[in-house]
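Asks: A single structure is presented below for examination.
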Amino acid sequence: MKPAETTLTAFIGHTIAAQGSRAAVTAILAPRGPHPENLLVFEDMTGRQTDLDVTGAAPARGRPKLGVTSKEVTLLPRHWDWLTTQRGGASATLRRLIDAAMVAEAGTPTPDPAYRFLSAIAGDFPGFEEAIRALYANDAARFRDLTAGWHGDVAMHALRLAGMATNPPETA
């Protein structure tokens with residue numbers, strides 16, 4: 699079973715500008731120039747903000763400084779063989795598999811990705827704290843009421859990240 703590809707949602711201001719794979723989002727945003735104003739990009743699975751290079755420049759060599767800790771992993775040769783065929787190499791594949799397993803293990807969606815997303819984009823919105831309480835109480839109706847006056851697609855995307863959306867948007 700191939701792990702699901704990481705999907706992203708890009709906001710320009712408080713409006714969704716692109717959704718889909720990293721390549722798809724990059725292709726959609728590239729015509730806007732190398733540094734679109736007010737661009738924020740989030741990983742859909744985690745709600746974490748991520749960088750996206752829309753300049754077309756080759757990525758820098760070496761390890762990114764992400765707080766990565768190096769430890770030993772012992773696998774059978776067939777596992778190493780499979781890992782070498784995966785996008786991003788062994789470490790990236792293992793991180794994706796672990797993230798997917800953590801989500802699956804939880805059984806039900808958690809509000810954590812929505813909280814991470816909202817903290818980055820809506821922390822100064824009116825009623826933010828009360829909306830977060832509703833989010834963690836799994837009270838979608840109250841969350842919708844509290845966020846009705848918020849800008850653009852922010853509340854809708856938070857509901858989707860928390861697994862409370864009634865009709866998730868299509869991705870590119």
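To convert, take the position in the sequence shown, counting from 1, and add 698; that gives my numbering.
Virtual Cβ for every residue (Gly too), placed ideally from N, Cα, C.
If L706 and E741 are in contact, beta carbons under 8 Å, what's the gap, nearest whole angstrom?
Replies: Contact holds; Cβ gap of about 6 Å.
Asks: What would DSSP say about S719, mapped onto helix, strand or coil?
Replies: Three-state DSSP puts S719 in a strand.
Asks: To which residues of the same chain is K700 closer than 7 Å at the C-beta, ignoring the five residues directly before and after it?
Replies: Since pLDDT at K700 reaches only 47, below the 50 mark, its modelled position is unreliable, and the value read off the structure follows with that caveat. Within the same chain, K700 has no close Cβ partners at all.
Asks: The alpha helix (DSSP H) that contains F815, what's its start and end?
Replies: Run containing F815: 810-819, per the alpha helix (DSSP H) assignment.
Asks: Can you tell me whether F740 is helix, strand or coil according to DSSP?
Replies: Strand.
Asks: Near L816, what residues of its chain come up, given a Cβ to Cβ distance below 6 Å and the 5 sequence neighbours on each side ignored?
Replies: Around L816: A856.
Asks: For Q698, write down the residues that DSSP places opposite it in a beta bridge.
Replies: The structure shown has nothing for residue 698, since the chain only spans 699 to 870.
Asks: Would you grab the beta carbon distance between H712 and H849 for me? Rounded to a whole angstrom, and I think it's under 8 Å.
Replies: Correct: roughly 4 Å between the Cβ atoms.
Asks: Under the DSSP definition of a beta bridge, which residues are partnered with L706?
Replies: BP columns for L706 point to G718, E741.
Asks: Between R842 and the rest of its own chain, which residues show a CB-CB distance below 8 Å, the 5 nearest in sequence each way excluded?
Replies: Excluding positions up to five away in sequence, the list reads A853, L857.
Asks: Taking the CB atoms as reference points, tell me whether R814 and R746 lie closer together than 7 Å.
Replies: The answer is yes: Cβ separation under 7 Å.
Asks: Mind checking which residues open and close the alpha helix (DSSP H) that includes R730?
Replies: Unbroken run through R730: none, as it is neither H nor E.
Asks: DSSP three-state label for T772, please.
Replies: It is coil, neither helix nor strand.
Asks: Mind reading off the beta-carbon distance from L737 to I819? Whole number of angstroms is fine, and I expect it under 8 Å.
Replies: Actually they do not touch by this definition, with Cβ atoms about 11 Å apart.
Asks: Go through its chain and collect everything with a Cβ distance to A812's Cβ below 7 Å, but skip five positions before and after it.
Replies: The answer, listed in chain order, is G745, L833, A856, L859, A860.
Asks: Assuming L795 and A788 make a contact with CB atoms under 8 Å, what is their CB distance in whole Å?
Replies: That belief does not hold up - the Cβ atoms of L795 and A788 are roughly 10 Å apart, past 8 Å.
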